[in-house]
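Residue numbers (the UniProt record's numbering): 1 to 557.
What follows is a short report on a single structure.
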Amino acid sequence: MSSSSSPSVLLNTGVQMPLLGLGTYKLVGPEDVYQAVDAALAAGYRSFDSAAVYRNEADLGRVLKELLPKNGLTREDVFITSKLGPKDQGEGAMEGALRSLAQLDLGYIDLYLIHWPGTQGRVVTDQRNPGNRAESWAALEKLHAQGKLKAIGVSNYTPAHMRELIQSCKIPPALLQVEFHPRLCQTELRKVCEEYEVCFQAYSSLGKGELVTDPVVLEVSKNCERTPAQVLLRWAVQQGVPVLPKSSNPDRIKDNARLFDFTLSDTDMDRLSALDFLGKPTGYRKAELPSDQMSSSSHSVLLKTGVQMPLLGFGTYKLVSPEDVSRAVDAALLAGYRAFDSAAIYLNEAELGRALKQLLPKHGLTREDVFVTSKLGSKDQGERAMEGALHSLSDLDMGNRAESWAALEELHAQGKLKAIGVSNYTPAHMRELIQSCKIPPAVLQVEFHPKFCQTELRKVCEEYGVCFQAYSSLGKGDLVTDPVVLEVAKNCEHTPAQVLLRWAVQQGVPVLPKSSNPDRIKDNAKLFDFTLSDTDMDRLSALDCGHKFCRDASQVV
Ligand code: NAP
């Protein structure tokens, strides 16, 4: 890009990069991207931060092609960053980067980053991660040599990942993009970057919006008569750290750009920096995958089959018509759900299969990115089990208990059912199964919420390494009006539904909230950016009274 008027930093490639860029995570759809980019160009932004996982590369490219001439600008006047999706880490890297280039369709990308040191779908400790990182870097180096990626770098790397890369690379990284704000000063990472001349860039400078209400930030903002957001951004750029505030609001976009006409005093800078690691963390810095990736994919449990299952799944009971299923699945995929729970008796397996086949590509996903559960109908229990399960399989296109289990084991051995488990089993049923099975169950799905804590069943699952999964976490909707739940919700400023779901996932129990309402679907997925205090967890668990909202299996012999 040409040296524009906006303040910039020099990358080790010899190119200038603006200190201010527009973050685009969660800006999706042509209208929203257009409105934000239009406001940003008018406010003087010349840098835009996208990523394959944001699913907005194509819209960003199209919108820029339309808006640059209108603003008297050319391609060379802007600096575009994008990132390799963690699902393409390793052997998919070349294809992934070429896909970003094609989606943006702007001739070249100014800066391309490896989004995450891990590989999507692999545990963080997977021994193949280092090899995958190296393979991705080699692909980026090749495209850099061809002039398609003008600069290459990494994101979310730790000091150890940085050292590993620097020691093995042919072309050193130009930039490291990580979370950085007064509560997370990243002292060690900054030193590593300085040592190796890697530009250190901040994301989530506003703590995803949370830090604008921090009391110290508010006081500094009052002192210097600037908005809290400007204070947070200025704190970074005054240290020479480029920022990427995201907003979809044209006024805020404009406001967030006014960073270069004031200075924070040394005292205010020090007061802000003293917030480092104080107070409660913003929650997402401990995430195992990029914070801007889907919440459900970042949080999962390991099944004994070696497969990860998302902690958050989408319940589909009572979603029947093709339109309802399609609308709900679309909203759920957008909100980050990557697991879907169906059953033969929900009469929606065919609709779910069709909706997923149609919607996965729209969301840039493949069959492998989602975890689909279904269940054998009670009418097929026993000698009809094989037929019943095959019926589920064909509908998705994708009980005599012992006999049913044997049928499921056979389909598991054939690779048609990747994991098999049970639902509504009592401790006695579980012991019976464990004692007689060839393949132990991977999951037990049962009713679980503060009024029904299932202590004995959870112990049995723990004993046998079976994943314990909750259904009816919201008590079929009834629990959202429980006085204790309401009080906890008020305390922690989250919805009663989020409190009930968080209570489960905070114990490592996967949940399956069902909603047909897109706003609720979205809301119910926001479970990984807050923590319930021990007191609130205990208050909720104390509601346990064995109250069931669903059918009781304890009488089934
Ligand atoms: P952020 O910029 O810290 O905060 C964005 C949030 O703050 C939005 O909810 C926005 O809401 C709100 N906001 C914006 N301006 C505001 C203002 N002036 N006053 C009050 N609230 C304001 O969060 P972020 O999106 O996590 O980070 C920014 C960008 O960094 C991302 O968009 C992405 O490009 C990049 N990023 C990269 C990674 C990575 O792994 N490499 C991870 C996270 C982020 P409105 O939209 O309603 O204004």
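Built from N, CA and C at the ideal position, the CB exists for glycine as well.
Checklist entry - In three-state DSSP terms, what is Ala287? => result At Ala287, the pLDDT of 31 sits below 50, so the modelled position is not reliable; the number obtained from the coordinates is stated separately. In the displayed model, Ala287 falls within coil according to three-state DSSP, outside both helix and strand.
Item to check | Pick from Glu432, His115, Ser265 that is closest to Leu176, judged by C-alpha positions | outcome: If we check each option's Cα against that of Leu176, His115 comes out closest.
Next on the checklist: Is Val212 a contact residue of the ligand NAP, with contact defined as CB to any heavy atom under 7 Å?
Outcome noted: Closer than 7 Å to some heavy atom of the ligand NAP: that describes the Cβ of Val212.
Item to check | Span of the beta strand (DSSP E), counted from its first residue to its last, around Pro310 | outcome: In this chain, the beta strand (DSSP E) harbouring Pro310 covers 308–310.
Checklist entry - Under a Cβ-count criterion, where at least 16 other Cβ atoms within 10 Å of its own Cβ denotes burial, should Ser533 be classed as buried or exposed? => result Answer is exposed; the Cβ neighbour count stays below 16.
Item to check | Reference Gly44; option with closest CA among Glu323, Ala525, Leu68, Thr81 | outcome: The option with the nearest alpha carbon to Gly44 is Leu68.
Item to check | Residue interval of the beta strand (DSSP E) (run including Val325) | outcome: Per DSSP, Val325 belongs to no beta strand (DSSP E); it is in the alpha helix (DSSP H), 322–335.
Checklist entry - Residues bridged to Ser8 by DSSP? => result Residue pairing by DSSP places Ser8 opposite Pro18 in a beta bridge.
Item to check | Straight-line gap, Ala406 to Ala419 (C-alpha atoms, nearest Å) | outcome: The alpha-carbon atoms of Ala406 and Ala419 are separated by roughly 13 Å.
Next on the checklist: Rounded to whole angstroms, what is the Cα-Cα separation between Val33 and Leu27?
Outcome noted: Pairing Val33 with Leu27, the inter-Cα distance amounts to about 6 Å.
Checklist entry - Within 10 angstroms of its Cβ, does Asp536 collect 16 or more other Cβ (buried), or is it exposed? => result Buried is the call here.
Item to check | Per DSSP, the bridge partner or partners of Val443 | outcome: Paired residues: Cys467.
Checklist entry - Is it buried or exposed for Gly377, if we count other Cβ within 10 angstroms and need 16 for buried? => result Note on Gly377: 16 or more other CB atoms within 10 angstroms of its CB, so buried under the neighbour-count rule.
Next on the checklist: Given a cut-off of 8 Å on the beta-carbon distance, is the pair Ser221 and Val231 in contact?
Outcome noted: A contact, by the Cβ cut-off of 8 Å.
Item to check | Rounded straight-line distance, which links the Cα of Pro450 to that of Glu487 | outcome: Rounded to the nearest angstrom, the two C-alpha atoms are 14 Å apart.
Next on the checklist: Just checking Asp244 against the ligand NAP - is the residue's beta carbon closer than 7 Å to any of the ligand's heavy atoms?
Outcome noted: The sequence shown places Leu at residue 244, not Asp. For the ligand NAP, at least one heavy atom lies less than 7 Å from the Cβ of Leu244.
Checklist entry - Near Arg327, what residues of its chain come up, given a Cβ to Cβ distance below 8 Å and the 5 sequence neighbours on each side ignored? => result For Arg327, where only same-chain residues beyond five positions count, the Cβ hits under 8 Å are Ser516, Pro518.
Checklist entry - For the alpha helix (DSSP H) that Asp255 lies in, which residues bound it at each end? => result 250–256 is the extent of the alpha helix (DSSP H) around Asp255.
Checklist entry - Just the Cα atoms here: how many angstroms apart are Ala402 and Pro173? => result The alpha-carbon atoms of Ala402 and Pro173 are separated by roughly 57 Å.
Checklist entry - How many Å lie between Leu218 and Pro228 at the Cα? => result One alpha carbon belongs to Leu218, the other to Pro228, and they sit about 6 Å apart.
Next on the checklist: For the ligand NAP, I want to know if His115 counts as a neighbour, meaning its beta carbon is within less than 7 Å of at least one of the ligand's heavy atoms.
Outcome noted: It does: the Cβ of His115 is within 7 Å (strictly closer) of some heavy atom of the ligand NAP.
Checklist entry - Between Ile171, Ala202, Asp126, which lies nearest to Ser155 when the distance is taken from Cα to Cα? => result Ranked by Cα distance from Ser155, the first of Ile171, Ala202, Asp126 is Ala202.
Checklist entry - Does the segment 94–104 come close enough to the segment 48–58 to have 3 or more Cβ pairs within less than 8 Å? => result Contact between the segment 94–104 and the segment 48–58 is established, with three or more Cβ pairs separated by less than 8 Å.
Checklist entry - Just checking my contact of Glu387 with Asn400 at CB under 8 Å: how many whole Å lie between their CB atoms? => result That pair is no contact at about 13 Å.
Item to check | Three-state class that DSSP yields for Tyr25 in the structure shown | outcome: Note: Tyr25 maps to coil in three-state DSSP.
Item to check | Three-state class that DSSP yields for Gly399 in the structure shown | outcome: Legend: pLDDT at Gly399 = 49, less than 50; position of this residue unreliable, no value from coordinates given.
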